[in-house]
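Protein chains in written order, with my numbering: chain A, 1 to 329; chain B, 330 to 658; chain C, 659 to 867; chain D, 868 to 1076. Glycine included, C-beta positions come from ideal geometry on N, C-alpha and C. See below for the structure under consideration.
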Amino acid sequence: MKKVVNDVNQIVDEMIEGITSVHSNLLKRLPNTTVITRSDVPVKGKVGLVSGGGSGHEPAHAGYVGKGMLDAAVVGEVFTSPTPDQVMEAIKAVDSGAGVLLIIKNYTGDVMNFEMAKEMAELEGIQVEQVIVNDDVAVEDSTFTTGRRGIAGTVFVHKIAGAMAEKGASLAEVKEVAEKTIANVRSMGVALTSCTVPAAGKPSFILEDNEMEIGIGIHGEPGIKRIPLQKADQIAKTLLDNILGDKHFGNHVAVMINGLGATPEMELYIASRKVVQELNEKGINIHRTWVGEYMTSLEMAGFSITLLDLDDQLTELLDKECEALSFCN
Amino acid sequence: MKKVVNDVNQIVDEMIEGITSVHSNLLKRLPNTTVITRSDVPVKGKVGLVSGGGSGHEPAHAGYVGKGMLDAAVVGEVFTSPTPDQVMEAIKAVDSGAGVLLIIKNYTGDVMNFEMAKEMAELEGIQVEQVIVNDDVAVEDSTFTTGRRGIAGTVFVHKIAGAMAEKGASLAEVKEVAEKTIANVRSMGVALTSCTVPAAGKPSFILEDNEMEIGIGIHGEPGIKRIPLQKADQIAKTLLDNILGDKHFGNHVAVMINGLGATPEMELYIASRKVVQELNEKGINIHRTWVGEYMTSLEMAGFSITLLDLDDQLTELLDKECEALSFCN
Amino acid sequence: MIILTVEKTKKWMNEIQKRMEANKEQLTVLDQAIGDGDHGINMERGFREVLAKISDTEYESVADVLKSVAMTLTAKVGGASGPLYGTAFLKMSMAMQGKEVDEIVFKTAVREAAEGIKMRGKAGMGEKTLYDVWNQVANFLAEEPAEDWDALLEVCQATIEDTREMTATKGRASYLKERSKGHVDPGSMSSFYIFEALMTVMETGDGSE
Amino acid sequence: MIILTVEKTKKWMNEIQKRMEANKEQLTVLDQAIGDGDHGINMERGFREVLAKISDTEYESVADVLKSVAMTLTAKVGGASGPLYGTAFLKMSMAMQGKEVDEIVFKTAVREAAEGIKMRGKAGMGEKTLYDVWNQVANFLAEEPAEDWDALLEVCQATIEDTREMTATKGRASYLKERSKGHVDPGSMSSFYIFEALMTVMETGDGSE
Ligand SMILES: Nc1ncnc2c1ncn2[C@@H]1O[C@H](COP(=O)(O)OP(=O)(O)O)[C@@H](O)[C@H]1O
Ligand SMILES: Nc1ncnc2c1ncn2[C@@H]1O[C@H](COP(=O)(O)OP(=O)(O)O)[C@@H](O)[C@H]1O
Ligand SMILES: [Mg+2]
Ligand SMILES: [Mg+2]
Ligand SMILES: [Mg+2]
Ligand SMILES: [Mg+2]
């Protein structure tokens, strides 16, 4: 394992220190927590937005904290949901009386820990709602199982709910538009290499030199199948076809091509070219495409594609200015 | 070699198509060239700024094209300087009569190809000046040899010269401030793993599991020495000490912690934490720190540190708004 | 007969911690196969923190120790296993509140823990989670005396083996669907260590040495 | 005696192209050791483009062919080697302009090419660049008749070996300082193939078959 670290047990702490010391004008750390918030929380009269999860997905989630997006990101150990007490600290810090929305990615751990925090916060009289993002079409959508994972599409939920909250909407309204976004967003990813959890010291899985894993999760959870490495166009088409086959999309979408960590931007753009071509051919208008690293999996090579079906409201909220470091420019 | 590509011979072409089709509102490709320009060139009355180099350093250089930064980026084959005819096309496209400044990184190939283009452009009556960035303190500064390489510090030169040009300054003035920036900027990098040039198909060099290369170049050129992997803080301190030892810095600097491709943001922030600490201890004020991927080396793991010594003029220009995709937010 | 005292409970945690440390890598490897490769790391961290917390604290009752354990696990583990084990120990603590821990209390506590896991994780039997182990142990205790520790461990082991052939429908392994078959559930394995640790404590006296 | 015709020149390019293709990997490996690992890729691409350009074109003179070669290399190679080889062939073309290529013209052309490289690359002898080879070849031709091709190749080879022990002071290898020792200069190696190709053409008749 080759990583730029000091002590594997201090990674999260030192990363948070790094982020908040570099961006002290925008962000702050709640003392003795793993919570990063806007420097001006609680924002008077505004619904507070809290998200988070295990670390190793940077820039998620601290990169989405800022005016017009999240109020706080709760940081867990690498690939491990943060604990309820930390989420609770975040809720308390961002609540200005207008209530708090938790944006949770659909993993058993995240859901349980955030729900426990919600219960604790409600006991203290804070109004808390939650939405659960489950955009990964690689996993079967079933109520009998854990269901679909939340992956890169979560970033659009942060953005749109954030813009809605910034407008002064009520908790119910913010929750409603977050749920609409979740209903409208779909993603799927592919891995070319594994990642290595620092404390584990060894790759999470092994892909042979000619293999790739279609439908990979952002924690290195296996996907749909392991097949021989294909050309960029073929990979992009497979992911896109799975996404388009899962839901009927209208003719106006936002697109995200998300690098999982080690894939050079050069390759992301080669894949993007095909995505743009395919959507053009299908007569689907692209409102805007984000290409870069938004929801990573440590140093995994690979990428995901996300499509968000837009209506007028979502478009307006997506376009609103914001100040989070990793999305707003 | 595991890469998201179609045909290794089409990589550059397809990447350019990807970039310009995704960002068609901001950027365009000059037909039948490997030149990416602002969509509104030539900008009336403004000095034109052209940079570029081999590809494989994305987001350099197309990510720095936009209002307030570059007018055009000339894209070469992977790690290979673009040819004079392509540079010439860029010069012609951006010249509005106010002249053109070439921002060249100090590599024999880049210097020769850009100089040939300059000669050609001058024959056609276009006023062209050039500056050569050589910020890499890992290489000896000597007039008898090729001298120092241009690495991540180049991005600050783009930004500052770009802001100056946008203000309506003359070619001589823009060149002067670019040269001041070059005189004030220093960088140094470290590699943990090699990169693989797609057409070569094999890693450019091999680092053992416990080795790192101090002073690496952005094309995988070897650096100062190969030593056992150290802790993040130690690495950051070594790079910083080399930079601070090379030139006297005042007490107001801009900082860039630049990932070389495969190093997760998590690790960049762990290194950043140390850099901030060290500078604080030395009483050097940080105006702002950029952490991310700005001048990469394909999928190399590692990072570089850049320090820019600021005065009032440089600070003002660095802070000016701009619209390039990968620097301005 | 009182079967758990404050001292014994502390010793139990001590024994768990040893096992989590010794098997950190095994649990992580199991989790790499069908999860995200952090279960050993999570459990080792959790019980390291538990020991740090309880070692120097004076407790009035077993319930108090277990409450401390529950809070620490909940606050330090995260992931799926944090809330689940946190809930399990909290439910045990609640069942023991104000009582000395004799066989009846102990058995009720384990059943409550299993129900707590079920409630928190929304998983039933056969979904390839640690609930399988806790439920089978509770079932065993409902029928058999709480002194046949070897038999109890056999139940654990058999259940672990059963999880191998199951298709996961809860937790991270569920994403794999049929591909989750052929691998033992990591959480069931860590639950085994918890009961194995308990057995060691039970068989080596009251731990008040 | 005329030693280069249009046909022979085309054949020369053909022979160069074959060698660059066959030795693409070798040149790249040499460049990986002390450069950035693209020299073989650059040369193979360059001469592939040269052939594509000149094959179907009718030329009036050797000078015209070489001008085409120079333009193509300049526009298609990039890096350090593009301008250098572009300049070399352009200078040869200029020296042959309006002339038939006899031994005298040929010798002058090679000298001009070497001077062009020196001017463009600002490198002198012993800096571990392809200038070393071109300069030594030009020196050899100043003394010896242009028909002792074997001897000429020996000069090339000896120079390549000399570059091995040099410390680079120009080009990318210069960043390595003393560490550049022990490796042959990739550009010198590709220059060798250019002269080797020329020898093959010279020794197998006028290429007009
Ligand atoms: N819904 C659930 N109910 C009961 N146990 C579960 C559930 N989901 C997961 N588990 C247990 O948690 C274990 C994984 O724990 P761990 O790896 O620490 O958390 P995570 O899956 O968040 O990385 C699984 O092996 C399984 O036994
Ligand atoms: N200043 C120079 N003068 C003469 N030859 C040079 C100079 N710099 C580099 N070279 C030659 O160019 C070769 C490298 O070419 P190439 O790898 O294609 O370009 P780059 O170094 O830009 O990647 C070197 O081996 C050397 O022979
Ligand atoms: Mg986990
Ligand atoms: Mg090169
Ligand atoms: Mg796990
Ligand atoms: Mg080279």
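DSSP, read as helix, strand or coil, puts D465 (chain B) in strand.
Boundaries of the alpha helix (DSSP H) harbouring D319 (chain A): D312 to D319, taken from the DSSP string. No Cβ of chain A is located within less than 8 angstroms of the beta carbon of S425 (chain B). The Cβ of Q755 (chain C) sits no closer than 8 angstroms to any Cβ of chain A. Contact holds between the region 886-906 of chain D and the region 546-563 of chain B, because three or more Cβ pairs, one in each stretch, are under 8 angstroms apart. The beta-carbon distance between E802 (chain C) and M659 (chain C), rounded to whole angstroms, is 16 angstroms. This is too long to meet the 8 angstroms contact definition. Beta-carbon to beta-carbon, K175 (chain A) and V131 (chain A) are separated by about 6 angstroms, close enough to satisfy the 8 angstroms threshold. With a threshold of 16 other beta carbon atoms within 10 Å, P228 (chain A) falls short and is exposed.
Not a single heavy atom of ligand 6 lies less than 7 angstroms from the C-beta of R602 (chain B). In the DSSP assignment, N881 (chain D) falls within the alpha helix (DSSP H) that extends over V873 to A889. Looking at the DSSP output, F850 (chain C) sits in no beta bridge, so it has no partner there. Contact between T475 (chain B) and K1037 (chain D) holds, since their C-beta atoms are separated by about 6 angstroms, short of 8 angstroms. Sequence-distant partners of R769 (chain C) (beyond 5 residues in either direction) whose C-beta falls short of 6 angstroms from its own C-beta, in its chain, are A796. For the pair L355 (chain B) and A161 (chain A), the Cα-to-Cα distance works out to about 27 angstroms. Residues of chain D with a Cβ closer than 7 angstroms to the Cβ of A528 (chain B) are, in chain order, I908. The beta carbon of E406 (chain B) falls within 8 angstroms of a beta carbon belonging to chain D, placing the residue at that interface. Taking each of A:H252, A:L260 and A:V190 in turn and checking the Cα distance to D233 (chain A), the smallest one comes out for A:V190. If you check the C-beta of S81 (chain A) against ligand 1, you find a heavy atom less than 7 angstroms away. For M1033 (chain D), no beta strand (DSSP E) encloses it, and the DSSP letter there is neither H nor E. With a cutoff of 7 angstroms, D465 (chain B) does not count as near ligand 4, since its C-beta is closer than that to no heavy atom of the ligand. Collapsing the DSSP output to three states places H1050 (chain D) in coil.
Here L654 (chain B) has G392 as same chain residues with Cβ atoms under 6 angstroms from its own Cβ, once five neighbours each way along the sequence are excluded. Remark: the C-beta of D694 (chain C) is in contact range of ligand 5, defined as less than 7 angstroms to any heavy atom. One alpha carbon belongs to Y851 (chain C), the other to R677 (chain C), and they sit about 6 angstroms apart.
For the pair of segments examined, the region 807-821 of chain C was found to touch the region 839-846 of chain C: the number of CB pairs separated by less than 8 angstroms reaches three. Among the CB atoms of chain C, one or more fall inside 8 angstroms of the CB of N113 (chain A).
Where F1007 (chain D) is concerned, the enclosing alpha helix (DSSP H) starts and stops at L997 to E1010. For V944 (chain D), the nearest CB of chain B lies under 8 angstroms from its own CB, placing it at the interface with that chain. G737 (chain C) has its CB nearer than 7 angstroms to a heavy atom of ligand 3. According to the DSSP assignment, M541 (chain B) belongs to the beta strand (DSSP E) that extends over E540 to I543. Taking the Cα positions, L647 (chain B) is about 51 angstroms away from L685 (chain C).
At a C-beta separation below 7 angstroms, H390 (chain B) has no neighbours in chain D, since its nearest C-beta there lies roughly 15 angstroms away. For N329 (chain A), at least one C-beta of chain B is nearer than 8 angstroms to its own C-beta.
Contact check for V100 (chain A) against V128 (chain A) passes: the beta carbons are separated by less than 8 angstroms. Think of a sphere of 7 angstroms around the beta carbon of T939 (chain D): no beta carbon from chain B falls inside it, the nearest being about 10 angstroms out.
One finds nothing in chain A with a Cβ atom closer than 7 angstroms to the Cβ of M493 (chain B); even the nearest lies about 21 angstroms away.
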